[in-house]
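*Asks:*
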Amino acid sequence: MILYIPAALFVVSLLMAYGSAGRRRQAATVGTLAAAAWSLALLVDPASVTWAIGPIGASLLLARPGKRVNSSFEGLTRRIATIAIALLVALLIASRLPVGENPLLLSAVPWFLAALGAAWFTSPIDQPERLQGQVLMVAAVAAVILAAVPAGPVTAGLAGATALMPIAGERWRLPGPFQLPVSLTMLGLAAVAVVVAGLGTSIARIVLFDVSVDVSGAILLASAVLLVAGAALTPIGSEWTALLGVLVVSASAPSLRWAALGALIAVATVLAKEGEHLAWIAFGVLGLTPVLQGVATSTSTSTARVQAVALALGLVLIVLASRVGVIRILVLPTAGFLVMLALTTVTSSNLVRLQWITAIGAVLLVSRMVLAWLIDRSGRPAIVRDQLLFALLLLGISARDALGLGALAAALLLIDLAIVRVEVMPERWSGTAARLVLLARSNWPPAVTFAGASMAVIAALQASLALGVLAALLLAGLQLAPLLDGHALAPSPERPRSPLGWVVPAVSIACGVAPALLLRLLRF
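Every position in the sequence shown, counted from 1, becomes a number in the numbering used here once 1171 is added.
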């Protein structure tokens, strides 16, 4: 009977949360987290309750108004329908992905927490409830993965602490005197990571207590890209956000890795809300992959197929969401490198499924651009060049070839899309800085675009003739894109740069003249 107490506590707390306000509402939210922590203690280990410290602290920081907010009948109906559907979906998923031989209602409590967070995020009654929904979603993903893939108490505590990041993203910025030193430090760390990876120095995993961090060549390259993007392009005061991306690609524990990705998406969507729903859906789909791996049996083949499909769908959705803002600058390269690392364990038969899904996603990207232009010709059209590069990026990531050209092409295109092409040349640049920018955006020396797109075509041809033809058509369209992108020459409202304006052209030129170095760094 004791095994059903967490589910009962969650239901009671849920009803209290919907029927109260102020401190009672806050206490009810903490009650749902306590129910999830209790279920983790029964499912895995009592030490796993350290996960609850972070989300409970975040819930206490989110003060609720003392009086209930008035809502219309339509609003109440929408909120009730949203939570009911979310709970039913959570119960269905929990029944399909059981944790051992435990009762369904016990293993479903973390999924119920995710459903509650999704409902509050989708149909919030006010901004604090929306932020609370993001906190619960990040915390719930960590709890679900901890139930499927157990970790030590320190790792569980860190995974839970990522639930504080949505609040930090909305309320905290680096003080002015620290912004430039932090940016320069991040650039220095990126340079060190590239040098260490380039030297091929063999470094084992770094372990502290039960927290393990990988530092292989590909992970060091991904970390360097994210550090440069965070230092040079994120909104002023939010440079620290890039450290979440570094944690995503380097953490060994799935619970910490995927919870950090959710925290990164939460911070990115706080800074720029365009594409946030697609990004969260992609996070939910990608977050299923470690759970599927944790509950899979040695004889299960359908689980491996679903994992490959989830990786492909999540990647396509992330690309669809990555049009502007921090989602493009940090979330896109983080998710791209994460999927590239995950592809090393995908079998050849499942890789074919993944490749066809990404090919459909590439066609969808181009079709969406054309349809948007046909429907509304008066609006600002999408940049053709960027959409074609996004499509080539999908093909490059999925084309896992023996020479590693697909991974190299994907890395170059991620650098191009996330760093090099985010900003147009500011008019205040002159002299050497302006000439560097012009050189970086030309095709001599072969810059990121040319090298990445060409290698994506070669890698796609090695995967299959159909993918190769599609990639070749995209590359041909890329040559004509400047004829259609005249509107993109106008200045865009991006982050104003000052001392770090030289970073983007330097990165572009370095990647253009030294693709062989990146190929060495990408050795898994």
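C-beta: ideal position from N, C-alpha, C; glycine also.
Measuring straight from C-alpha to C-alpha, what distance separates Val1487 and Trp1527?
*Replies:* Cα-Cα distance, rounded: 11 Å.
*Asks:* Within a Cβ cutoff of 7 Å, which residues of the same chain sit near Leu1638, ignoring the five residues on either side of it in sequence?
*Replies:* The residues are Gln1526, Ala1530, Leu1566, Ala1570 and Ala1631.
*Asks:* Compute the distance between the beta-carbons of Leu1317 and Ala1334, then report whether it is under 9 Å.
*Replies:* Taking 9 Å as the Cβ cut-off, Leu1317 and Ala1334 do not qualify as a contacting pair.
*Asks:* So, using beta-carbon positions, are Ala1400 and Ile1500 closer together than 9 Å?
*Replies:* Contact flag set, yes.
*Asks:* Under the rule that 16 or more other beta-carbon atoms within 10 Å means buried, what is Glu1272, buried or exposed?
*Replies:* By the neighbour-count rule (16 or more Cβ atoms within 10 Å), Glu1272 is not buried but exposed.
*Asks:* Are there three or more Cβ pairs, one per stretch, closer than 8 Å when the region 1344-1354 is compared with the region 1437-1444?
*Replies:* Result no; under three Cβ-Cβ pairs closer than 8 Å.
*Asks:* Could you tell me the distance, in whole angstroms, from the CA atom of Ser1409 to the CA atom of Gly1340?
*Replies:* One C-alpha to the other measures close to 8 Å.
*Asks:* Restricting to Cα atoms, I'd like to know which of Leu1414, Ser1387 and Ala1322 is closest to Thr1356.
*Replies:* Looking at the Cα atoms, Leu1414 is the closest of the given residues.
*Asks:* Would the region 1303-1312 and the region 1262-1270 be scored as touching if the rule is three or more Cβ pairs under 8 Å?
*Replies:* Touching, no, given that fewer than three Cβ pairs across the two stretches are closer than 8 Å.
*Asks:* Is the separation between the beta-carbon of Ala1589 and that of Met1511 shorter than 9 Å?
*Replies:* Going by C-beta atoms, Ala1589 is not nearer than 9 Å to Met1511.
*Asks:* Could you tell me which uninterrupted beta strand (DSSP E) segments, each at least 3 residues in length, are contained entirely in the region 1493-1565, listed from first to last along the chain?
*Replies:* Here no run is fully enclosed.
*Asks:* Given a cut-off of 9 Å, decide if Val1419 and Leu1435 are closer than it, judged by their beta-carbon atoms.
*Replies:* Taking 9 Å as the Cβ cut-off, Leu1435 and Val1419 qualify as a contacting pair.
*Asks:* Going by C-alpha to C-alpha distance, which of Ala1319, Val1523, Ala1327 and Leu1491 sits closest to Ala1479?
*Replies:* Comparing Cα positions, the closest option is Val1523.
*Asks:* Got a sec? Which residues, its chain only, sit under 7 Å from Ala1395 by beta carbon, not counting five neighbours each side?
*Replies:* Ala1361, Ala1364 and Val1365, listed in sequence order.
*Asks:* Hey, Arg1556 and Ala1652 are a contact pair by Cβ (cut 8 Å); roughly how many whole angstroms apart?
*Replies:* Correct: roughly 4 Å between the Cβ atoms.
*Asks:* Report the rounded CA-to-CA distance for Phe1283 versus Ala1475, giving the unit in angstroms.
*Replies:* Whole-angstrom Cα-Cα distance: 25 Å.
*Asks:* Quick check on Ile1377: does DSSP put it in helix, strand or coil?
*Replies:* Looking at Ile1377 - three-state DSSP - the assignment turns out to be strand.
*Asks:* Look up Ser1473 in the DSSP assignment and say whether it is helix, strand or coil.
*Replies:* Helix at Ser1473.
*Asks:* Taking just the CA atoms, how far does Val1534 sit from Pro1546?
*Replies:* Sequence inspection shows Ile at residue 1546; the Pro mentioned does not correspond to that position. Cα-Cα distance, rounded: 18 Å.
*Asks:* Just the Cα atoms here: how many angstroms apart are Gly1246 and Thr1253?
*Replies:* Using only the alpha carbons, I get a separation of about 10 Å.
*Asks:* Check for me: the alpha helix (DSSP H) holding Ser1230 runs from which residue to which?
*Replies:* Start and end: Ile1224 to Leu1232.
*Asks:* Comparing alpha-carbon positions, which option in Thr1460, Val1490 and Ala1643 lies nearest Leu1482?
*Replies:* Nearest C-alpha to Leu1482: Thr1460.
*Asks:* Please identify the residue among Ala1582, Val1591, Leu1654 and Gln1650 whose C-alpha is closest to the C-alpha of Ala1627.
*Replies:* Ranking Ala1582, Val1591, Leu1654 and Gln1650 by Cα distance to Ala1627 puts Ala1582 first.
*Asks:* In this structure, does DSSP put Met1187 in helix, strand or coil?
*Replies:* In this structure, Met1187 counts as helix in the three-state DSSP scheme.
*Asks:* To which residues of the same chain is Val1490 closer than 8 Å at the C-beta, ignoring the five residues directly before and after it?
*Replies:* Leu1503, Gly1532, Leu1536, Phe1561, Leu1564 and Leu1565, listed in sequence order.
*Asks:* Quick test of your reading: Leu1149 and Gln1303, contact by CB under 8 Å. State the CB separation rounded to the nearest angstrom.
*Replies:* What is shown of the chain runs 1172 to 1695, which leaves residue 1149 out entirely.
*Asks:* How about the region 1281-1298 and the region 1379-1393: do they share at least three Cβ pairs that are nearer than 8 Å?
*Replies:* Not touching, per the Cβ criterion.
*Asks:* Quick check on the burial criterion: 16 or more other C-beta atoms within 10 angstroms. Buried or exposed for Ile1338?
*Replies:* Answer is buried; the Cβ neighbour count reaches 16.
*Asks:* Can you name, in chain order, every residue of its own chain whose Cβ lies under 6 Å from the Cβ of Val1280, other than the five neighbours on each side?
*Replies:* Taken in chain order, the residues that qualify are Pro1177, Ala1178, Phe1181, Ala1206, Ala1207 and Ser1210.
*Asks:* Which of the three DSSP states, helix, strand or coil, is assigned to Val1384?
*Replies:* DSSP places Val1384 in strand when its eight states are reduced to three.
*Asks:* Since Ala1450 and Ala1492 should fall inside the 8 Å C-beta cutoff, what is the C-beta to C-beta distance between them, to a whole number of angstroms?
*Replies:* Right, the Cβ-Cβ distance comes to about 4 Å (below 8 Å), so this counts as a contact.
*Asks:* Could you check the C-alpha separation between Phe1244 and Tyr1189 for me, to the nearest Å?
*Replies:* Computed Cα separation, rounded: 15 Å.
*Asks:* Between the alpha carbons of Ala1700 and Leu1463, how many angstroms are there, rounded?
*Replies:* Absent from the structure is residue 1700, since the part of the chain shown begins at 1172 and ends at 1695.
*Asks:* Excluding sequence positions up to five away, which residues of its chain have a Cβ less than 7 Å from the Cβ of Asn1521?
*Replies:* Excluding sequence neighbours, Asn1521 sits near Ala1475, Arg1476 and Ala1479.
*Asks:* Name the DSSP beta bridge partners of Ala1422, please?
*Replies:* For Ala1422, which the question treats as bridged, DSSP gives the partners Val1384.
*Asks:* Determine the burial state of Leu1231: buried for a count of at least 16 other Cβ atoms within 10 Å of its Cβ, exposed for fewer.
*Replies:* So Leu1231 counts as exposed.
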